[in-house]
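Notes follow the structure.
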Amino acid sequence: MANRILIVDDAAFMRMMIKDILTKNGFEVVGEAENGAQAVEKYAELKPDLVTMDITMPEKDGIAALKEIKASDSAAKIIMCSAMGQQAMVIDAIQAGAKDFIVKPFQADRVIEAISKVLSS
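For the sequence shown, the UniProt record's numbering assigns the number 1 to the initial residue and increments by one for each residue that follows.
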């Protein structure tokens with residue numbers, strides 16, 4: 001069975017890019033969310049195997065959503081997506097329980113490598 005992934009990013013273009021990379025590599029995208037509040041709801045509803053989470057989003061940022069999801073499911077596998085120059089936030093995210101991070105603009109091989117590594121851990 002294909003691994004089920006939830007994509008969270010406030011930019012529709014970024015969601016489309018990552019969805020394209022994932023579907024071409026045999027992953028199933030089960031849902032998308034455009035902010036942290038939606039991410040928490042969708043995670044509870046869809047129970048994905050993995051979440052890709054943007055760090056900076058309106059309403060609720062990725063780190064707040066990460067902490068909320070981890071509080072309800074300590075086994076949640078979440079990979080943060082960040083733009084260059086957000087190292088401090090990436091460190092916060094890893095300390096809060098993120099399994100890895102990928103940097104924008106996305107490079108397909110790095111995305112697949114990170115996701116495969118986290119799913120097999």
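Glycine residues also receive a C-beta, built at the ideal position from the N, C-alpha and C atoms.
Bear in mind that the values here come from a model prediction, so they are computed numbers and not experimental data.
Whole-angstrom distance between residue j and residue i, CA atom to CA atom
{"i": "residue 56", "j": "residue 93", "result": "11 Å"}
{"i": "residue 82", "j": "residue 18", "result": "13 Å"}
{"i": "residue 58", "j": "residue 68", "result": "16 Å"}
{"i": "residue 99", "j": "residue 11", "result": "22 Å"}
{"i": "residue 79", "j": "residue 16", "result": "17 Å"}
{"i": "residue 117", "j": "residue 36", "result": "24 Å"}
{"i": "residue 122", "j": "residue 26", "result": "Given that the chain is displayed from residue 1 to residue 121, the structure contains no residue 122 and the question cannot be resolved."}
{"i": "residue 107", "j": "residue 121", "result": "22 Å"}
{"i": "residue 14", "j": "residue 24", "result": "16 Å"}
{"i": "residue 52", "j": "residue 91", "result": "16 Å"}
{"i": "residue 73", "j": "residue 95", "result": "16 Å"}
{"i": "residue 20", "j": "residue 54", "result": "16 Å"}
Cut-off 8 Å between Cβ atoms - residues of its own chain near residue i, not counting five sequence neighbours on either side
{"i": "residue 110", "result": "102 and 103"}
{"i": "residue 84", "result": "103 and 104"}
Cross-strand partners of residue i (DSSP beta bridge)
{"i": "residue 123", "result": "Any question about residue 123 goes unanswered here, given that the chain covers just 1 to 121."}
{"i": "residue 50", "result": "5"}
{"i": "residue 103", "result": "82"}
{"i": "residue 33", "result": "8"}
{"i": "residue 28", "result": "4"}
Given residue i as reference, the closest of the options once Cα atoms are compared
{"i": "residue 75", "options": "61, 44 and 59", "result": "44"}
{"i": "residue 127", "options": "86, 46, 15 and 14", "result": "A query on residue 127 cannot be resolved here, the shown segment of the chain reaching from 1 to 121 and no further."}
{"i": "residue 89", "options": "61, 72, 114 and 115", "result": "61"}
{"i": "residue 30", "options": "5, 14, 72 and 51", "result": "5"}
Beta-carbon proximity list for residue i, same chain, < 6 Å, skipping 5 on both sides
{"i": "residue 39", "result": "8, 33 and 65"}
{"i": "residue 97", "result": "70"}
{"i": "residue 48", "result": "4, 5, 6 and 30"}
Cβ-Cβ separation, residue j to residue i (assumed contact under 8 Å), whole Å
{"i": "residue 119", "j": "residue 77", "result": "7 Å"}
{"i": "residue 28", "j": "residue 2", "result": "4 Å"}
{"i": "residue 115", "j": "residue 50", "result": "6 Å"}
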